[in-house]
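Chains A and B, in that order, give the protein sequences. In terms of my numbering, the first sequence has 161 at position 158, counting the first letter as 1, and numbering is strictly consecutive. In terms of my numbering, the second sequence has 1277 at position 372, counting the first letter as 1, and numbering is strictly consecutive. Built from N, CA and C at the ideal position, the CB exists for glycine as well. Because the structure is a prediction, the values reported are computed rather than measured. Working notes, beginning with the structure itself.
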Amino acid sequence: MSIIENHETVGTPFCSNPKLSARDVGVFYGDKQAIFDVSLDIGSNEVIALIGPSGCGKSTFLRSLNRMNDTIDICRVTGEILLDGENIYDPKVDVVPLRATVGMVFQKPNPFPKSIYDNISYGPRIHGLASSRVDLDEIVERSLQRAGLWTEVKDRLHSPGTGLSGGQQQRLCIARTIAVEPEVILMDEPCSALDPIATAKIEELIDELRENYTIAIVTHSMQQAARVSQRTAYFHLGQLIEVNNTDMVFTTPEHQLTEAYITGRFG
Amino acid sequence: MTDSAMSTRAKVEKSMKKRRAAESRFRTYGLLSVLFGVLCLVVLFGNIFSKGFSAFSQTVLTTTIHLDTDYLGVTATSDPQELRNADYEGLIKQYLKDTYEPSGRRERRDLYGMVSVGAAWQLQDMVLENPSLLGQTIHINMTMDDDVDQWFKHDRGTANEALRFSEQQLVWLHDWVDSGALHGRFNTIFFTNGDSREPELAGIRGAITGTFLTLLVTFLLSFPIGVSAAIYLEEFAPKNRLTEIVEININNLAAVPSITFGLLGLAIFINIFGVSRSTPLVGGLVLTLMTLPTIIISGRAAIKAVPPSIREAALGLGASKMQVVFHHVLPLALPGMLTGTIIGMAQALGETAPLLMIGMIAFVVDVPGFINDPSTVLPVQIFLWSDSPERAFTERTSGAIMVLLGFLILMNTAAVMLRRRLERRW
């Protein structure tokens, strides 16, 4: 498999009702370029899966969507990323409201070493989303219910979040993210540390969340991509090779690299 | 196949002896070094404890003395000033003269010399506290002179006793011991008095108070400054040439000989800013300079140890940098920071050299009341006493060292406990 000659993304990278649109996005770590000219729309209320071999830049791309890359000093982003038509890399944009709008769930469950209640209520508290204690209680309950964790933890809301099982912790993290009522949720391999049962629960949850949120999920599991997403984007060595409806990507991939990857010839 | 497998196995077997020998040799070295360390500690502690233990008892003479209102010239109704000025020393001398009937000036002086001047103050204190004692005959445990104290503790019945006492004195001493009047009791003076030229009246209260005040100043300055510096350098400072230089210099500062900080304190705090010398304030300032690098370095290490996933979680929720630091990083880093601070403070507690430079070696009798009173600190007090020729000061030196070690052990234990207690797992 030679280096890609064809820099054009094949398939349908753009859509009619984009929530987020990336245009010619390049990401650099110092002198090293990790992402090359990626243009991609993420439609409202869709789940888009980002797949590709390790080191292909899918996580880097995901993290540039809510400027989590800002925390890395040497990281630089070119091109533009529009959220509802507004460039999030505009110098006037503050990352705090941006990240409250575009939430993130990480690869390893990372609950705060605080109680379950405090984990969920932290976001609403710092953003002033609850006007009273009762309000806050409601947000906590609603978020946990949406994350499918309420029945399991309602009797121990004040015990530490770190005491839960891995799968529960990840759902706690999802609940924590949706407690802020974001519009987009970015998920960076949310199930890679979980067993199949916990994974199934999270996937089910993603499917439900689609009603209200736009979700971009990075995954190494092609089955997972096939199960949860409507569109799939295939990254290779920092380039976006192909974007198509998920069914199509897994049955009749357009690009030979995509085909090679999904048939397991590398990755 | 079988052959080569066998030969591998045979080779391994052959090398096993050498490997086991290397392992047991290494274990022996380890054990020996630990034993050496323990031995040194035992010798050190054994030496100090055996010498210092006797500092905690003081020899007293139990007698009954008549508080003669005619001799003292005061009554129960006199005002405190008069009560204070009455001649208690004379009363004691009178009593001694009447009771033991020394013949001649020389014997009289010998007799008086065996009782500490502190006995008169004891009497004065008793009267001031309860003037109605005047005119009565009271029991008193008279503090004895350090020579008597040392004789009672160490020389009694040995050939050395004739070196310091005359025959008549020895007769009195043995009489007192035989009658049970001369005996040792817990040395409260050691803990309630400041320094004194008389060993039997010298105590560590002044030094302990000075140490406490000095460390208080050190803590109040170095903890907030150190923690803020650590947070700024670790979380907010841009990573560039300048911060790199600052970092290198902080590490250098941690290794600067402490006496240099003393000189700096003398030149800057005392000469330029005019802070009065020999006070806990200037001592605390100097020790702050010395403790800061320790606190900053340990604080930064503690901040670095906070897992990045926690930061990311908070950032991902839209927490600002400041909120990430104060809501998540700091609570997790605090145990490490406090441990570093306590270790820094323990270092400051034992520091002597820089304090010599800023005059805390002065002979201070009064217990300091505030941070701008002249005072000394425990290690300097130890240094001062270790220089004194009186034997009683030698045992007090060891006694003070025991107290200092006690404080050190207490602080280090607190550091360990705090770390265990606050340590969180994630």
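| message | Looking at chain B, is there any beta carbon in it that lies within less than 9 Å of the beta carbon of residue 183 of chain A? | response | Residue 183 of chain A sits at position 180 when you count from the first residue of the first sequence. Answer yes: the Cβ-Cβ gap between residue 183 of chain A and chain B drops below 9 Å somewhere.
| message | For residue 33 of chain A and residue 1253 of chain B, what's the separation of their Cα atoms in angstroms? | response | Along the first sequence, read from residue 1 onward, the residue named residue 33 of chain A stands at position 30. Along the second sequence, read from residue 1 onward, the residue named residue 1253 of chain B stands at position 348. In a straight line, the C-alpha of residue 33 of chain A is about 44 Å away from that of residue 1253 of chain B.
| So who's on the other strand from residue 242 of chain A, going by DSSP bridges? | Counting from one through the first sequence, the residue named residue 242 of chain A turns up at place 239. Paired residues: A/39 and A/239.
| query | Does the Cβ of residue 1144 of chain B have 16 or more other Cβ atoms within 10 Å, making it buried, or fewer, making it exposed? | reply | Start at 1 with the first residue of the second sequence, and residue 1144 of chain B comes out as number 239. Label assigned to residue 1144 of chain B: exposed.
| request: Pick out whichever of B/935, B/967, B/1299 and B/1293 has its Cα sitting closest to the Cα of residue 1090 of chain B. | output: In the second sequence, counting from the first residue as 1, residue 1090 of chain B sits at position 185. Measuring from the Cα of residue 1090 of chain B, the nearest candidate turns out to be B/967.
| message | Run through chain A and tell me which residues come within less than 9 Å of residue 1217 of chain B, C-beta to C-beta. | response | What you label residue 1217 of chain B is simply residue 312 of the second sequence in a count that begins at 1. By Cβ distance, chain A contributes 71, 74, 107, 109 and 113.
| request: Could you tell me if residue 1115 of chain B is buried or exposed, where buried requires 16 or more neighbouring beta carbons within 10 angstroms of its beta carbon? | output: Working through the second sequence from its first residue, we reach residue 1115 of chain B at position 210. Result: buried.
| query | Is the Cβ of residue 1327 of chain B closer than 9 Å to any Cβ of chain A? | reply | Reading the second sequence from its first residue, position 422 is the one you call residue 1327 of chain B. Not one chain A Cβ lies under 9 Å of residue 1327 of chain B.
| task | Identify, in the order they occur along the chain, each residue of the same chain with its Cβ nearer than 7 Å to the Cβ of residue 15 of chain A, setting aside the five sequence neighbours on each side. | result | In the first sequence, counting from the first residue as 1, residue 15 of chain A sits at position 12. Excluding residues within five positions, the ones whose Cβ falls inside 7 Å are 246 and 247.
| said: With a threshold of 7 Å on Cβ separation, who are the neighbours of residue 1066 of chain B within its own chain once the five nearest residues in sequence on each side are excluded? | reply: Taking the first residue of the second sequence as position 1, residue 1066 of chain B is located at position 161. Counting only Cβ-Cβ distances below 7 Å, and skipping sequence neighbours, we find 1056, 1060 and 1075.
| request: Work out the CA separation of residue 44 of chain A and residue 187 of chain A for me, nearest whole Å. | output: Position 184 of the first sequence, counted from the start, is the residue given in the question as residue 187 of chain A. Position 41 of the first sequence, counted from the start, is the residue given in the question as residue 44 of chain A. Rounded to whole angstroms, residue 187 of chain A to residue 44 of chain A spans 13 Å at the Cα level.
| query | Where residue 1256 of chain B and residue 1248 of chain B are concerned, what is the direct C-alpha to C-alpha distance, given to the nearest angstrom? | reply | If you number the second sequence from 1, residue 1256 of chain B lands on position 351. If you number the second sequence from 1, residue 1248 of chain B lands on position 343. Near 12 Å, if we compare the C-alpha coordinates of residue 1248 of chain B and residue 1256 of chain B.
| field | Three-state secondary structure assigned by DSSP to residue 175 of chain A | value | By 1-based counting over the first sequence, the position of residue 175 of chain A is 172. Residue 175 of chain A falls in the helix class under three-state DSSP.
| query | Would you call residue 1072 of chain B buried or exposed, if buried means 16 or more other Cβ atoms sit within 10 Å of its Cβ? | reply | Taking the first residue of the second sequence as position 1, residue 1072 of chain B is located at position 167. Classification of residue 1072 of chain B: exposed, given that the 10 Å Cβ count is below 16.
| task | Compare the C-alpha of residue 1141 of chain B against each of B/1226, B/1100 and B/1029 and name the closest. | result | Taking the first residue of the second sequence as position 1, residue 1141 of chain B is located at position 236. Of the listed residues, the one whose Cα sits closest to residue 1141 of chain B is B/1226.
| Quick one: is residue 126 of chain A near chain B, going by C-beta distance under 9 Å? | Looking up residue 126 of chain A in the first sequence gives position 123. So yes, residue 126 of chain A belongs to the interface.
| field | Any chain A beta carbon closer than 9 Å to residue 1198 of chain B | value | In the second sequence, residue 1198 of chain B corresponds to position 293, counting from 1. Output row for residue 1198 of chain B: interface = no.
| message | Since residue 1104 of chain B and residue 1155 of chain B should fall inside the 8 Å C-beta cutoff, what is the C-beta to C-beta distance between them, to a whole number of angstroms? | response | By 1-based counting over the second sequence, the position of residue 1104 of chain B is 199. By 1-based counting over the second sequence, the position of residue 1155 of chain B is 250. That pair is no contact at about 44 Å.
| query | What in chain B is Cβ-close to residue 1 of chain A, meaning under 9 Å? | reply | Past the edges of chain A, shown from 4 to 270, lies residue 1 of chain A, and the structure says nothing about it.
| Exposed unless 16 or more other CB atoms sit within 10 angstroms - verdict on residue 923 of chain B | Counting from 1 along the second sequence, the entry for residue 923 of chain B is found at position 18. Answer is exposed; the Cβ neighbour count stays below 16.
| said: Is the separation between the beta-carbon of residue 1189 of chain B and that of residue 1119 of chain B shorter than 9 Å? | reply: Taking the first residue of the second sequence as 1, we reach residue 1189 of chain B at position 284. Taking the first residue of the second sequence as 1, we reach residue 1119 of chain B at position 214. Yes.
| request: Would you identify the three-state DSSP class for residue 253 of chain A, choosing helix, strand or coil? | output: As a first step, residue 253 of chain A is located in the first sequence; it is residue number 250 there, counting from the start. Here residue 253 of chain A sits in helix by DSSP.
| field | Whole-angstrom distance between residue 25 of chain A and residue 275 of chain A, CA atom to CA atom | value | Within the shown structure, residues of chain A are numbered from 4 to 270, placing residue 275 of chain A beyond reach of any answer.
| field | Under 9 Å (Cβ pairs) to chain B, residues found in the stretch 199-217 of chain A | value | none
| query | beta strand (DSSP E) containing residue 1320 of chain B: first to last residue? | reply | Taking the second sequence and counting its residues from 1, one reaches residue 1320 of chain B at position 415. Looking at the DSSP string, residue 1320 of chain B is not in any beta strand (DSSP E); the run it does join, the alpha helix (DSSP H), is 1296-1327.
| Residues from the stretch 153-182 of chain A in contact with chain B, defined by Cβ distance under 8 Å | 165, 176, 179 and 180
| field | Interface partners of residue 1214 of chain B on chain A, CB under 7 Å | value | As a first step, residue 1214 of chain B is located in the second sequence; it is residue number 309 there, counting from the start. By Cβ distance, chain A contributes 109, 111 and 113.
| How big is the Cα-Cα spacing for residue 1024 of chain B and residue 1047 of chain B? | Position 119 of the second sequence, counted from the start, is the residue given in the question as residue 1024 of chain B. Position 142 of the second sequence, counted from the start, is the residue given in the question as residue 1047 of chain B. If I take the Cα positions, the gap works out to 5 Å.
| Three-state secondary structure assigned by DSSP to residue 1043 of chain B | Indexing the second sequence from 1 puts residue 1043 of chain B at position 138. The answer is strand: DSSP assigns residue 1043 of chain B an E or B state.
| Is there contact between the stretch 41-56 of chain A and the stretch 196-214 of chain A, where contact requires at least three CB pairs shorter than 8 Å? | yes
| said: Less than 7 Å between C-beta atoms, sequence neighbours within five positions excluded: which residues of the same chain meet that for residue 906 of chain B? | reply: As a working mapping, residue 906 of chain B is identified with position 1 in the second sequence. Here residue 906 of chain B scores only 49 on pLDDT, less than 50, and its place in the model should not be relied on; the value that follows carries that caveat. Around residue 906 of chain B: no qualifying Cβ.
| What number of angstroms, rounded off, separates the C-alpha of residue 979 of chain B from the C-alpha of residue 1028 of chain B? | As a position in the second sequence, residue 979 of chain B is number 74, starting the count at 1. As a position in the second sequence, residue 1028 of chain B is number 123, starting the count at 1. Each residue's alpha carbon lies about 14 Å from the other.
| task | Measure from the C-beta of residue 1144 of chain B to each C-beta in chain A and report whether the shortest distance is under 9 Å. | result | To locate residue 1144 of chain B, count along the second sequence from 1; it is residue 239. Taking Cβ atoms only, chain A reaches closer than 9 Å to residue 1144 of chain B, which makes this a yes.
| said: My assumption, with CB atoms under 8 Å, is that residue 953 of chain B sits in contact with residue 1306 of chain B. Please give the rounded CB distance. | reply: Looking up residue 953 of chain B in the second sequence gives position 48. Looking up residue 1306 of chain B in the second sequence gives position 401. Indeed, because the Cβ distance is near 5 Å, the residues count as touching under 8 Å.
| request: Hey, could you find the ends of the beta strand (DSSP E) residue 23 of chain A is sitting in? | output: Mapped onto the first sequence, residue 23 of chain A falls at position 20. Segment 21-32, the beta strand (DSSP E) holding residue 23 of chain A.
| Enclosing beta strand (DSSP E) for residue 999 of chain B [first to last residue] | On the second sequence, position 94 is the one that residue 999 of chain B refers to. Residue 999 of chain B -> not in any beta strand (DSSP E); alpha helix (DSSP H) instead, spanning 993-1005.
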